[in-house]
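Here's the structure we're looking at; comments come further down.
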Amino acid sequence: MPEPTAPAPEAAPTSVPKLELRNLSMSYTDRKGRTVHAVDDVSLSMANKPGTGELAVFLGPSGCGKSTILKAVAGLLTPDFGEVLIDGQPVSGTGRDRGMVFQSYTSFAWRTVRQNVEYGLELQGMAADERKARSLKLIEQVGLKDFADALPRQLSGGMKQRVAIARTLANEPKVILMDEPFGALDPQTRWGMQSLILDVLRRQDNTVLFVTHDVSEAVYLADVIFVLSHRPAKVLHRLEVPFFSSREPAVKQSPEFQRVEAQVLDLLHSLQVQGNVRVGL
Ligand SMILES: Nc1ncnc2c1ncn2[C@@H]1O[C@H](COP(=O)(O)OP(=O)(O)OP(=O)(O)O)[C@@H](O)[C@H]1O
Ligand SMILES: [Mg+2]
């Protein structure tokens, strides 16, 4: 008879955060030598949560520094001070472990939709058949099945943004940075994209940093919401969103959901009042 074996230990969350921002400060200098201070001492961490992943939303006024923070995590900008760590290791430069959907449309004009989605997979040296299967599945999931062979100039703004989303997801990065990815979409398509993100997040254990100005979208998607100040961005509030047992869009009508939404709106409203005082309104 075989010896009884000890049960396999369950995957426990590790104590090393998946993503950590430590005292991040960033500024830009224009051609005349003037400095714009965009990010001020931002620290936050996102846990490594096997089996569920985690999604954090940044909410904050236009121009406060949200895209700048995402670009630092992507490794596209180097902070003046502080650091970004993935799995406890400082980030330097871009890497396949991170993928970013930019606020502006960023497709290669000369490549078809499918060739755009396959771009990163080509760089990885994935076989053509496998690449094609993966890209066509994603193209279908973002609702562009009939446009796989179209060029970006034949697409609307929202369709181009969906190509960018598919291209980022195709690479299966562990950390996904999404900068107002659904801004140009109609409500129905937006709901579809929200479900897709929640689905991918759970299946692939992703850590997602997501920027939106839509409070309902933030509460619907987020495990945690960071409310940022006016520029230079500082973290003003960290709000854990309760777990809604249903992630169907109808949950948005529930009293629990609407309570959290009202709480977030209150925080943003107090920020608006502070902003008005600052500019002397
Ligand atoms: N390349 C750049 N050169 C100089 N200043 C810049 C540059 N990019 C951004 N800034 C400035 O940095 C500040 C923060 O910009 P950022 O794009 O991070 O804001 P944001 O929070 O993403 O705004 P929005 O919600 O409008 O997208 C702004 O004042 C902006 O003018
Ligand atoms: Mg931005």
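Residues are numbered in our numbering as their position in the sequence shown, beginning at 1, plus a constant of 2. Backbone N, C-alpha and C fix where the C-beta goes; we use that ideal spot for every residue, glycine too.
Check your understanding: What runs of the beta strand (DSSP E), each 3 residues or longer, lie entirely inside the region 80-126?
Key -> Those beta strand (DSSP E) runs which fall completely within the region 80-126 and span 3+ residues are 83-88, 100-103.
**Study point:** Three-state class that DSSP yields for E142 in the structure shown
**Key:** Here residue 142 refers to the residue found at position 140 when the sequence shown is read from its first residue. E142: helix per DSSP, three-state reduction.
**Study point:** Beta-carbon contacts of I178 that lie in its chain and below 7 Å, excluding the five residues immediately before and after
**Key:** As a working mapping, residue 178 is identified with position 176 in the sequence shown. The answer, listed in chain order, is G101, T170, N208, V210.
Check your understanding: Going by DSSP, what residues sit across from A284 in a beta bridge?
Key -> Nothing about residue 284 can be reported from this structure: the residues present for the chain run from 3 to 283 only.
Review point. What does the shell around ligand 1 hold, if a residue joins when its beta-carbon is under 5 Å from any heavy atom?
Key: Y30, V38, A40, S64, G65, C66, G67, K68, S69, T70
Check your understanding: Smallest Cα separation from K236: which of P19, H39, Y30, R33?
Key -> By one-based count along the sequence shown, residue 236 stands at place 234. The residue with the shortest Cα to Cα distance from K236 is H39.
Exercise for review: On a CA-only basis, which of D99, V103, P154, A224 is nearest R116? Give me that one, please.
Suggested key: Here residue 116 corresponds to residue number 114 of the sequence shown, with the count starting at 1. That would be P154, whose Cα lies nearest to the Cα of R116.
**Study point:** Inter-residue Cα distance where the pair is D82 and D131
**Key:** Counting from 1 along the sequence shown, the entry for residue 82 is found at position 80. Counting from 1 along the sequence shown, the entry for residue 131 is found at position 129. Straight-line Cα distance between these residues: approximately 44 Å.
Point to revise | DSSP beta-bridge partners of M161 | key: Indexing the sequence shown from 1 puts residue 161 at position 159. None; M161 has no bridge partner.
Check your understanding: If D99 and P175 are in contact, beta carbons under 8 Å, what's the gap, nearest whole angstrom?
Key -> On the sequence shown, position 97 is the one that residue 99 refers to. On the sequence shown, position 173 is the one that residue 175 refers to. Correct: roughly 6 Å between the Cβ atoms.
Review point. So which of K147, A172, A186 has the shortest CA-CA distance to Q163?
Key: As a first step, residue 163 must be located in the sequence shown, where it is residue number 161. Checking every option, the nearest Cα to that of Q163 belongs to A186.
Review point. Counting only beta-carbon atoms, is R249 nearer than 7 Å to chain B?
Key: The question asks about chain B, but that chain is absent: this structure has only one protein chain.
Review point. Whose C-beta lies closer than 7 Å to the C-beta of V44 among residues of the same chain, with five residues either side of it excluded?
Key: Reading the sequence shown from its first residue, position 42 is the one you call residue 44. Only L23, L26, I71, A235, K236, V237 meet the Cβ criterion.
**Study point:** Proximity below 7 Å, CB of K73 to CB of F60
**Key:** The sequence position of residue 73 within the sequence shown is 71, counting from 1. The sequence position of residue 60 within the sequence shown is 58, counting from 1. Not closer than 7 Å, so no.
**Study point:** Opposing strand residues paired with V44 [DSSP bridges]
**Key:** If you number the sequence shown from 1, residue 44 lands on position 42. Under the DSSP definition of a beta bridge, V44 partners with L26.
Check your understanding: Is it right to say G62 is buried, meaning 16 or more other beta carbons lie within 10 angstroms of its own, or is it exposed?
Key -> Taking the first residue of the sequence shown as position 1, residue 62 is located at position 60. Burial call: buried.
Check your understanding: Is it buried or exposed for R33, if we count other Cβ within 10 angstroms and need 16 for buried?
Key -> Here residue 33 refers to the residue found at position 31 when the sequence shown is read from its first residue. Counting Cβ neighbours within 10 Å, R33 comes out exposed, since fewer than 16 surround it.
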